[in-house]
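Input: a single structure, listed below in structure tokens.
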Amino acid sequence: MSARLTAPADLRELGRSGGLAAGLVAVLDGLDPAATAPAGVALLPVALLPGSRSPAAAAVPVPHPFAAFEGLALVRFPHSTGGPGLTGGRAAALESVRIGLLSHLLDLAVDRLKERRFGGVPLIDHQLVSAAVADAVIEIELAVAGVSAGASAGAAAGAAAGSVADDGSAGSVRARHERLTGAGWTVTRLFGAAGYLTDHPVRALHLSALAADLWLAPAGPGPEAADPEAADPEEGVR
Amino acid sequence: MVELDERLRALRGAAAETAGELRAHAAALDAAPHDLKPHLGVAAFDLIRRCTTPQRFGGEPLRVGRHAFTTGSSLETLVWMTELAHGDAGMVLAAPGPSLAGILLDQLGDQAQQEYFHRAVARDAVWAFFAVTEPGHGSDAGAMESTLHRTADIHLLNGAKRFIGNGARGEIGVVFARTGSGPLSVRAALVEAADPGFRARELDMVGLRGAALGAIELRDVPVPEDRLLARHLPATRRGLWGAVRVFNTVRPQVAALAVGTGLACLDLVRAERPQAPGLAELAGRLESCRRLVYAAGAALDRDRDDAVLSSAAKVAAVAAARAACRFAVRSLGPAALVDHPLLEKWYRDVGAFEFMEGTSDIQRLHVARAEVRGRTGGRR
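Quick note, the sequences are listed as chains A and B, same order.
Quick note on numbering: the first sequence equals residues 1 to 238 in full-length UniProt numbering.
Quick note on numbering: the second sequence equals residues 1 to 380 in full-length UniProt numbering.
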């Protein structure tokens with residue numbers, strides 16, 4: 001990972017302004033995707049596909065209806081036996097990118113909700129809608145705090161202060177990613193049916209969840225795997 | 001709660017037998033949702049046609065053993081629809097036939113209009129659209145802007161519709177528009193895609209692509225007087241009342257599609273990780289949703305305006321289906337999203353159920369209002 005892009009705030013800004021593909025390029029910087037992807041499948045920035053400036057191992061495209069619209073490709077590495085996946089600092093870096101992307105799309109959603117009306121009242125003034133916006137904001141703040149807590153734990157373990165480091169708990173990072181996936185759905189809903197078309201920018205949140213599903217180190221046994229409700233944050237996020 | 005009798009169990013079994021074929025076609029439909037030719041021969045499409053085309057307009061009932069099934073019962077529809085969605089919900093929505101427009105015609109159409117419509121869609125590979133939603137208003141049908149303007153000898157239809165199922169492939173359907181500014185001025189018109197001034201285009205959906213949403217533009221589309229629905233009904237029953245009735249009928253169908261999709265996701269887990277922690281709990285949750293869907297259908301069959309259970313079923317089933325999908329992704333690991341392309345597809349599909357026939361927020365408001373009015377307390 002590029003040294004200048006290891007700070008969580010920088011990664012959030014990259015996700016916010018550059019999007020998921022740019023963020024993934026930073027997260028995967030210096031890694032061999034084919035050797036890292038935990039199941040030999042990955043969501044890759046097009047810039048990292050074989051034949052481009054940063055060649056990866058041979059990758060076979062898997063059809064996806066809209067990944068390309070975000071500069072991404074779903075691929076399989078046919079010779080891979082399965083890599084370790086993203087852990088520690090890399091997993092947290094992906095989390096920061098996803099937070100930035102989510103913040104950007106929440107801003108777009110709020111702009112829309114201020115403009116559109118239902119029954120003559122701006123959507124943003126309907127209580128259930130306001131509650132969903134608040135829930136998304138809370139999840140974003142919680143995620144930022146979670147990354148910070150992970151970094152502090154890493155720093156205490158000897159990593160460079162201020163960088164995103166391995167907090168030693170892959171399960172907690174996975175759980176935070178799962179909450180982000182739930183918050184992403186909360187924000188997606190704020191766009192209504194328009195957000196369910198592939199020409200809408202909120203498609204990036206679906207791909208953000210897919211990126212986490214494909215890149216994170218597989219979950220081990222534990223409460224997350226044992227209790228689907230506990231890892232289903234949208235249940236409480238409406 | 002509803003216990004399926006022998007007749008309904010027979011219907012459920014017949015539908016379940018066709019679900020596997022739907023699943024076999026699902027990925028191809030997702031990849032090319034506007035190319036239906038390869039899928040038109042599936043047995044489930046015949047089942048749907050038989051169960052949605054009235055006998056009086058040429059429909060042949062579905063016969064299962066000594067039982068015959070045709071149109072009219074919400075509960076029966078929900079029983080077969082849940083099973084077919086267990087195969088694939090996108091394929092269910094790709095089936096030709098009367099769909100939502102047929103339900104409206106049954107509510108608002110006179111005999112001649114019903115016959116004209118049903119005989120048109122009874123032909124092979126004819127789809128029907130039901131155009132209420134507009135680009136700027138979403139669920140707010142009361143803010144509709146499309147107009148139906150009367151000239152000396154005909155009405156002219158103008159406006160734009162968006163997110164319309166079968167919008168681009170439908171040959172015939174109904175379009176809602178205003179004849180004036182008042183709340184009772186919304187009317188429905190029977191329209192054909194070949195009419196002058198009617199233009200439709202496909203919308204590319206994230207998931208549930210078999211529904212083939214479209215956008216429709218209407219520019220001075222001529223509507224003869226005899227194509228206006230509900231001329232024989234009082235003013236209060238002519239416009240949005242009919243749309244509300246359709247939405248009430250279809251809402252538990254969306255819940256049924258969600259339950260079926262959730263069950264399909266659990267099938268994958270059951271096949272590969274039958275001991276996955278949480279599998280039994282989610283299966284139980286979906287079974288509860290199925291029961292709630294059936295109860296909603298039975299309530300509608302008793303009273304077409306008793307839709308509170310439909311709203312409750314939709315909220316519960318949509319959440320459960322999404323939970324089942326996330327569970328499957330987590331339980332099977334990242335390879336499953338590629339090794340089982342339908343899991344990746346179903347993960348996209350389940351999002352659609354949220355936006356169909358009213359979001360979860362709208363349904364919550366329906367449930368709360370019903371509770372305040374005392375329409376739910378008697379059930380508990």
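By construction, the Cβ of each residue, glycine as well, lies at the ideal position given by its N, Cα and C atoms.
Please read all numbers here as calculations on a predicted model, not as lab measurements.
Is the beta carbon of residue i sitting closer than 7 Å to the one on residue j?
i	j	result
B/Ser-310	B/Pro-274	no
A/Val-27	A/Ala-68	no
A/Ile-138	A/Ile-99	no
B/Val-254	B/Lys-314	yes
A/Ala-209	A/His-200	no
A/Gly-82	A/Gly-30	no
B/Leu-268	B/Ala-328	yes
B/Thr-77	B/Gln-55	no
B/Leu-157	B/Ala-177	yes
B/Ala-324	B/Cys-265	yes
B/Leu-108	B/Leu-229	yes
A/Leu-105	A/Trp-215	no
A/Ser-103	A/Arg-16	yes
B/Ser-74	B/Leu-257	no
B/Leu-263	B/Leu-286	yes
B/Pro-98	B/Thr-151	no
B/Val-2	B/Tyr-347	no
A/Phe-77	A/Ala-34	yes
residue 396 of chain B	B/Val-64	Residue 396 of chain B lies beyond the range of chain B shown here (1 to 380); nothing can be said about it.
B/Glu-83	B/Ala-16	yes
B/Arg-304	B/Gly-239	no
B/Asp-349	B/His-232	no
A/Val-46	A/Ala-22	no
Can you tell which of the options has its C-alpha closest to the C-alpha of residue i?
i	options	result
A/Ala-211	A/Leu-101, A/Pro-8, A/Ala-7 and A/Ser-80	A/Leu-101
A/Ala-175	B/Arg-330, B/Gly-167 and B/Gly-351	B/Arg-330
B/His-142	B/Ala-212, B/Ala-31 and B/Trp-241	A small fix is needed here, since residue 142 of chain B is Gly in this sequence, not His. For the residues B/Ala-212, B/Ala-31 and B/Trp-241, the minimum Cα distance to B/Gly-142 belongs to B/Trp-241.
B/Ile-154	B/Ala-194, B/Ile-362, B/Glu-225 and B/Ala-160	B/Glu-225
B/Ala-68	B/Asn-248, B/Ala-368, B/Glu-6 and B/Leu-365	B/Glu-6
A/Lys-114	A/Ala-143, A/Glu-178 and A/Ile-124	A/Ile-124
A/Pro-65	B/Asp-140, B/Arg-178, B/Leu-105 and B/Val-206	B/Val-206
B/Gly-214	B/Ala-168, B/Asp-195 and B/Val-191	B/Ala-168
B/Gly-20	B/Pro-96, B/Lys-37 and B/Ala-85	B/Ala-85
A/Glu-70	A/Ala-217, A/Leu-207 and A/Pro-218	A/Leu-207
B/Gly-170	B/Met-81, B/Glu-202, B/Arg-150 and B/Thr-52	B/Glu-202
A/Gly-18	A/Ala-204, A/Asp-213, A/Pro-218 and A/Ala-217	A/Ala-204
A/Gln-127	B/His-39, B/Leu-365 and B/Pro-38	B/Leu-365
Pull the bridge partners of residue i from the DSSP assignment, please.
i	result
B/Leu-148	B/Leu-157
B/Glu-217	B/Ala-160 and B/Arg-199
A/Val-144	Its beta-bridge partners do not exist; DSSP assigns none.
B/Ala-189	B/Val-175 and B/Leu-228
A/Pro-45	A/Leu-72
A/Arg-203	Note: A/Arg-203 sits in no beta bridge, so no partner.
B/Pro-222	B/Leu-156
B/Ala-131	B/Val-175
A/Leu-216	A/Leu-86
B/Gly-170	B/Trp-127
residue 240 of chain A	There is no way to answer for residue 240 of chain A, as the model of chain A reaches only from 1 to 238.
- Query: Going along the chain, which residues of the UniProt domain "Acyl-CoA oxidase/dehydrogenase middle" (130-221) of chain B sit with their C-beta nearer than 9 Å to a C-beta in chain A?
  - Reply: Thr-133, Pro-135, Gly-136, His-137, Gly-138, Ser-139, Asp-140, Gly-142, Ala-143, Arg-162, Phe-163, Leu-203, Asp-204, Met-205, Val-206, Gly-207, Leu-208, Arg-209 and Leu-213
- Query: Listed in chain order, which residues of the stretch 305-337 of chain B have Cβ atoms closer than 9 Å to some Cβ of chain A?
  - Reply: Ala-319, Arg-322, Ala-323, Ala-324, Arg-326, Phe-327, Val-329, Arg-330, Ser-331, Gly-333, Pro-334, Ala-335, Ala-336 and Leu-337
- Cβ-based contacts, 9 Å cut-off: residues of the stretch 73-90 of chain B near chain A: none
- Item | Contact list for the stretch 203-221 of chain A against chain B, Cβ threshold 9 Å | Arg-203, His-206, Ala-209, Leu-210, Asp-213, Leu-214, Trp-215, Leu-216, Pro-218, Ala-219 and Pro-221
- Please list the segments of the alpha helix (DSSP H) lying wholly inside the stretch 322-374 of chain B, counting only runs of 4 or more residues, in order along the chain. 336-339, 341-355 and 360-372
- Message: At a CB distance below 9 Å, what residues from the stretch 17-42 of chain A approach chain B? Give them in sequence order.
- Response: Ala-37, Pro-38, Ala-39, Gly-40, Val-41 and Ala-42
- Residues in the stretch 353-366 of chain B having any Cβ partner in chain D nearer than 8 Å: The structure shown contains no chain D; the protein chains it does contain are A and B.
- Query: For the stretch 13-24 of chain B, which residues have a beta carbon sitting closer than 7 Å to at least one beta carbon of chain A?
  - Reply: none
- Task: Would you list, in chain order, the members of the stretch 259-271 of chain B that have their beta-carbon closer than 9 Å to a beta-carbon of chain A?
- Result: none
- Near-chain B residues of the stretch 86-120 of chain A - C-beta to any C-beta below 9 Å: Arg-116, Arg-117, Phe-118, Gly-119 and Gly-120
- Item | Interface positions of the stretch 128-147 of chain A facing chain B (Cβ-Cβ less than 8 Å), listed along the chain | Leu-128, Val-129 and Ala-132
- Task: Ignoring anything shorter than 4 residues or poking outside the stretch 41-73 of chain B, list the alpha helix (DSSP H) runs there in chain order.
- Result: 43-52
- Unbroken stretches of the beta strand (DSSP E), 3 residues or longer, contained in the stretch 61-123 of chain A: 72-76
- Query: Mind listing which residues of the stretch 25-36 of chain B have their C-beta closer than 7 Å to chain A's C-betas, in chain order?
  - Reply: Ala-31
- Query: Taking any Cβ of chain B, which residues in the stretch 58-70 of chain A have a Cβ under 9 Å from it, in chain order?
  - Reply: Val-62, Pro-63, His-64, Pro-65 and Phe-66
- Item | Short-range partners of chain A found in the stretch 218-250 of chain B, where Cβ spacing is below 8 Å | none
- Anything in the stretch 190-203 of chain A with a Cβ closer than 7 Å to a Cβ of chain B? List those residues in chain order, please. Gly-192, Ala-193, Tyr-196, Leu-197, Thr-198, Asp-199 and Arg-203
- Check distances from the C-beta atoms of the stretch 92-110 of chain B to those of chain A and list, in chain order, the residues that come in under 7 Å. none
- Residues in the stretch 52-64 of chain B with C-beta within 8 Å of chain A's C-beta atoms, listed in sequence order? none
- Message: Report the start-end ranges of each alpha helix (DSSP H) in the stretch 244-316 of chain B that is 4 residues or longer and not cut off at the edges.
- Response: 279-302
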